[in-house]
Amino acid sequence: MKIAPSILSADFANLASEVKKVEQAGAEYLHIDIMDGHFVSNLTFGANVVQALRPHSKLVFDCHMMVEQPEKYVADFAKAGADMMGVHVEATAHLHSVLSLIKAAGMKAEVVLNPGTPVSAISEVLPMVDQVLVMTVDPGFGGQSFLPETMPKVAQLAAARKKNQWHFDIEVDGGLNDQTVKQALEAGANVIVAGSYIFGADDPAQSIAALRKASEK
Ligand code: DX5
Ligand code: ZN
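Residues 39 to 255, numbered by my numbering, are exactly what the sequence shown covers, in order.
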């Protein structure tokens with residue numbers, strides 16, 4: 039299991055030290071939520087924040103693009119030091135093209151599914167992706183409740199991966215904590231995003247340890 043703290047719930051006035059905290063606590067990824075106010079009704083940050091954080095961390099920067107036309111931002115994020123870019127199938131008419139662009143720019147390519155979108159919407163790109171993100175809340179905001187009805191999609195992806203000998207990781211995002219993580223792992227997810235559960239806690243390291251412990255049971 040890899041843990042991907044989402045900085046959406048971090049203290050934006052102290053981002054570098056927040057990132058150091060979760061890195062020292064053993065997180066593997068840093069989940070960076072990019073929102074454009076169009077694809078979702080919220081605004082966050084752009085490639086400039088990725089670039090500013092890059093010298094402060096060796097974590098895998100996992101950029102979750104909740105933006106329309108993600109193809110417009112690939113070059114900027116690669117230059118800023120992103121390791122992985124996740125694009126929503128609902129946000130582009132050019133899914134294959136944008137995933138190819140991400141790989142050509144030297145990043146790992148990830149495809150993302152909203153809760154209302156079936157796995158069949160991404161079947162054609164599954165052989166080429168490094169990671170699939172199954173949203174376990176509707177995107178846009180931190181602190182929402184985990185949707186257990188998304189778990190069959192995780193299981194479906196894990197079965198298709200096995201059958202076809204594909205190699206993508208399966209990430210889940212939204213409402214993850216030391217309880218809901220168990221369902222996600224059981225269904226077949228192996229990358230766990232958590233925002234409010236980690237950065238909303240008094241001690242983020244303790245939340246990370248609790249996620250690890252829950253995964254061992
Ligand atoms: C929501 C974002 C998530 C968010 C998760 O649109 O994609 O990454 O930070 O927050 P929690 O873990 O609080 O549900
Ligand atoms: Zn996210």
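Heads up, the beta-carbon is just placed ideally off N, CA and C, and yes, glycines get one too.
Beta carbon of D216 nearer than 8 Å to that of T174
Cβ atoms of D216 and T174: not closer than 8 Å.
What do you reckon, are the CB atoms on M103 and G75 nearer than 8 Å?
no
Give the DSSP-derived three-state secondary structure of A142 in the structure shown.
helix
Residues near the ligand ZN, criterion Cβ-heavy atom distance below 5 Å
Going along the chain, the residues that qualify are D71, H102 and D211.
I235: beta carbon under 7 Å from a heavy atom of the ligand DX5?
Residue identity differs from the one stated: residue 235 is Tyr in this sequence, not Ile. Yes, since a heavy atom of the ligand DX5 falls inside the 7 Å radius drawn around the Cβ of Y235.
Tell me whether the beta-carbon of A232 lies closer than 8 Å to the beta-carbon of V192.
no
Give every residue of the same chain whose Cβ lies closer than 7 Å to the Cβ of M163, excluding the five residues on either side of it in the sequence, and list them in chain order.
Here the sequence assigns Val to residue 163, which means Met is not the residue at that position. Cβ within range, chain order: L133, H134, L137 and V149.
Give me the DSSP bridge partner(s) of A147.
M123
8 Å Cβ cutoff, P190 in contact with chain C:
Although the question refers to chain C, the structure presented lacks it and comprises just one protein chain.
In the DSSP assignment, find the alpha helix (DSSP H) that holds A248 and state where it starts and stops.
P242 to E254
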